[in-house]
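These protein sequence lines are chains A, B and C, in that order. Positions 1 to 142 (the working numbering) are the ones given, in order, by the first sequence. Positions 1 to 142 (the working numbering) are the ones given, in order, by the second sequence. Positions 1 to 142 (the working numbering) are the ones given, in order, by the third sequence. Inspection log for the structure reproduced underneath, given as structure tokens.
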Amino acid sequence: MTELRQALHRLGVETYGQGLVEITKPIKDWLSHLDIEDGLLTLFCRHTSASLLIQENADPDVCRDLEAFFARIAPEDGNLYVHNAEGPDDMPAHIRAALTQTQLSIPLHGGKLLLGTWQGVYLFEHRRAPHHREVVLHLIGE
Amino acid sequence: MTELRQALHRLGVETYGQGLVEITKPIKDWLSHLDIEDGLLTLFCRHTSASLLIQENADPDVCRDLEAFFARIAPEDGNLYVHNAEGPDDMPAHIRAALTQTQLSIPLHGGKLLLGTWQGVYLFEHRRAPHHREVVLHLIGE
Amino acid sequence: MTELRQALHRLGVETYGQGLVEITKPIKDWLSHLDIEDGLLTLFCRHTSASLLIQENADPDVCRDLEAFFARIAPEDGNLYVHNAEGPDDMPAHIRAALTQTQLSIPLHGGKLLLGTWQGVYLFEHRRAPHHREVVLHLIGE
Chain A
1 MTELRQALHR
11 LGVETYGQGL
21 VEITKPIKDW
31 LSHLDIEDGL
41 LTLFCRHTSA
51 SLLIQENADP
61 DVCRDLEAFF
71 ARIAPEDGNL
81 YVHNAEGPDD
91 MPAHIRAALT
101 QTQLSIPLHG
111 GKLLLGTWQG
121 VYLFEHRRAP
131 HHREVVLHLI
141 GE
Chain B
1 MTELRQALHR
11 LGVETYGQGL
21 VEITKPIKDW
31 LSHLDIEDGL
41 LTLFCRHTSA
51 SLLIQENADP
61 DVCRDLEAFF
71 ARIAPEDGNL
81 YVHNAEGPDD
91 MPAHIRAALT
101 QTQLSIPLHG
111 GKLLLGTWQG
121 VYLFEHRRAP
131 HHREVVLHLI
141 GE
Chain C
1 MTELRQALHR
11 LGVETYGQGL
21 VEITKPIKDW
31 LSHLDIEDGL
41 LTLFCRHTSA
51 SLLIQENADP
61 DVCRDLEAFF
71 ARIAPEDGNL
81 YVHNAEGPDD
91 MPAHIRAALT
101 QTQLSIPLHG
111 GKLLLGTWQG
121 VYLFEHRRAP
131 HHREVVLHLI
141 GE
């Protein structure tokens, strides 16, 4: 007989301007209290100017180069956008969010996330100002 | 004992040329008939020239600026592509779909999708002609 | 009473330089042995320089044009990146992975994936050298 069950958590994340904030550890901390060995973890970002990304967590230069790439591809240039009322970084933020992920699902096996050796989970802040962000963690498993 | 169960629905969406069509309401309408309080909703777009996106639903200019961004980044220019037989907007449509989402999952709690305050769910049409699109809705929950 | 259960598999994929490798068939082969009719399949790529993509599998030119697009948008140009130690194709690979998918979920109904008529599932290799890649397949269903 199946013993599948669900768990839900709202993870608060503080950001400090544009760039990637690693959230792998708080996610693993939450999972470690659940006594669920095998299942599927889903992360959902409740914002349209921040997003989620799985990236290399070995060399911090990778995060800096990613930030620079997105600044190039979606520049702060008022001539490019109609939606400028919320600041020059708001429309680029929506574009950057559209190009990355609002949601990520990661399988869990033997109590461990099946991330690759170099993979870390990041919240990607796209606004210049610090923000309090919320990521919903949903787990289904047994 | 768990009472987890599944539900499936095929949502038809009419589009009218390139741009975003909000589908938050028909999704919520379907959920409201299911008597499932907590779970995970997955949306799957069955096309390679349309896609899914969660974006701000407060200011319609955001949708227009997003459409303009994707038109700039993947222009209709036959010199850039080998695959031109299905029309000048077909290969740009595949690129735009690759840069956004074919699938989205959103946690459900207390009978409500855990979307953020400003988040709406959109089908993103990438072809110039109107199309009938199909989005599969899959819910697992209790 | 629900009979929901889970299955997990690690699919090895050989790649031969930058480009798309279709993995629809090995995925369906695995599903065909499971005796699960309805559910949700999740694919997770355990790498930061390869990713997942659902694209048209009718005309191989689409795959070539996609590859060319990503080479244009994230060029191998050492002046653009700080992270160059792992080769000129490494940072572009991370960018290409960020712009596509690390994870995909596809509903299953009547024993069949609900892919659209022209949709195929691809592993997208972003490095020049051949690699052995691993995609985790997770199925929950009944």
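Glycine included, C-beta positions come from ideal geometry on N, C-alpha and C. Predicted model, so just to flag it, every value in this text is computed and none were measured.
Using a Cβ-Cβ cutoff of 8 Å, what residues of the stretch 98 to 123 of chain C are near chain A? List them in chain order. 98, 99, 101, 102, 103, 105
Would you mind giving the Cβ-Cβ distance between residue 31/A and residue 95/C, rounded to the nearest angstrom? I have them listed as a contact below 8 Å. By one-based count along the first sequence, residue 31/A stands at place 31. By one-based count along the third sequence, residue 95/C stands at place 95. Not quite, the Cβ-Cβ distance comes to about 29 Å (not below 8 Å), so this is no contact.
Can you grab the Cα-Cα spacing for the pair residue 20/B / residue 79/C, in whole Å? Walking along the second sequence from the start, residue 20/B turns up at place 20. Walking along the third sequence from the start, residue 79/C turns up at place 79. Answer to the nearest angstrom: the Cα atoms are 36 Å apart.
Can you find the residues in the same chain that come closer than 6 Å, C-beta to C-beta, to residue 106/A, ignoring five residues on each side of it along the sequence? Sequence index remark: in the first sequence, residue 106/A carries index 106 (1-based). Counting only Cβ-Cβ distances below 6 Å, and skipping sequence neighbours, we find 41, 113.
Where residue 90/B falls, given that 16 or more other Cβ within 10 Å makes a residue buried: The count along the second sequence starts at 1 and reaches residue 90/B at position 90. So residue 90/B counts as buried.
Closer than 8 Å by beta-carbon distance: list the chain B residues that pair up with residue 55/C, in chain order. As a position in the third sequence, residue 55/C is number 55, starting the count at 1. Residues of chain B passing the Cβ test: 48, 94, 97, 98.
Can a CB atom of chain B be found closer than 7 Å to the CB of residue 44/C? Working through the third sequence from its first residue, we reach residue 44/C at position 44. False, the Cβ-Cβ gap to chain B never drops below 7 Å.
At a CB-CB cut-off below 9 Å, which residues of chain C make contact with residue 71/B? Indexing the second sequence from 1 puts residue 71/B at position 71. In chain order: nothing, as chain C lies at least about 14 Å away.
Who are the neighbours of residue 8/C on chain A, taking C-beta pairs under 9 Å? Position 8 of the third sequence, counted from the start, is the residue given in the question as residue 8/C. Proximity of chain A to residue 8/C at the Cβ level (cut-off 9 Å) is accounted for by 38, 107, 109, 114, in chain order.
Provide the residue span of the alpha helix (DSSP H) that contains residue 72/A, from first to last. Within the first sequence, numbered from 1, the residue matching residue 72/A stands at position 72. Element bounds for residue 72/A: 60 to 73.
Which class does residue 36/C belong to by DSSP, given the choice of helix, strand or coil? Along the third sequence, read from residue 1 onward, the residue named residue 36/C stands at position 36. In the structure shown, residue 36/C sits in coil (DSSP, three-state: anything other than H, G, I, E or B).
Kindly list, in the order they appear in chain A, the residues whose Cβ is closer than 9 Å to that of residue 61/B. Numbered from 1 along the second sequence, position 61 holds the residue referred to as residue 61/B. Going along chain A in sequence order, the residues near residue 61/B (Cβ under 9 Å) are 81, 82, 83, 84, 85, 91.
Give me the Cβ distance between residue 102/C and residue 52/C, rounded to the nearest whole Å; I'm assuming they're in contact under 8 Å. Residue mapping note: residue 102/C aligns to position 102 of the third sequence, counting from 1. Residue mapping note: residue 52/C aligns to position 52 of the third sequence, counting from 1. Yes, they are in contact, since the Cβ atoms of residue 102/C and residue 52/C sit about 7 Å apart, within 8 Å.
Distance check for residue 59/B and residue 144/B, CA to CA, integer angstroms please. It is not possible to answer for residue 144/B, since the shown part of chain B is limited to 1 through 142.
For residue 55/A versus residue 122/A, is the C-beta spacing smaller than 7 Å? Residue mapping note: residue 55/A aligns to position 55 of the first sequence, counting from 1. Residue mapping note: residue 122/A aligns to position 122 of the first sequence, counting from 1. The answer is yes: Cβ separation under 7 Å.
State yes or no: is the beta carbon of residue 138/C nearer than 7 Å to at least one beta carbon in chain A? Stepping through the third sequence from its first residue, residue 138/C is reached at position 138. Closer than 7 Å: yes.
Given a cut-off of 7 Å, decide if residue 11/A and residue 137/A are closer than it, judged by their beta-carbon atoms. Translated into positions along the first sequence, residue 137/A becomes position 137. Translated into positions along the first sequence, residue 11/A becomes position 11. In contact: residue 137/A and residue 11/A (Cβ atoms closer than 7 Å).
Range of the contiguous alpha helix (DSSP H) that encloses residue 92/C: In the third sequence, counting from the first residue as 1, residue 92/C sits at position 92. Residues 90 to 99.
Contacts around residue 44/B, its chain only, beta-carbon distance under 6 Å, and the 5 residues preceding and following it disregarded: Here residue 44/B corresponds to residue number 44 of the second sequence, with the count starting at 1. Counting only Cβ-Cβ distances below 6 Å, and skipping sequence neighbours, we find 103, 136.
Take residue 14/C as the anchor and find which of 141/C, 133/C, 142/C has the nearest alpha-carbon. The sequence position of residue 14/C within the third sequence is 14, counting from 1. The residue from 141/C, 133/C, 142/C with its alpha-carbon nearest to that of residue 14/C is 133/C.
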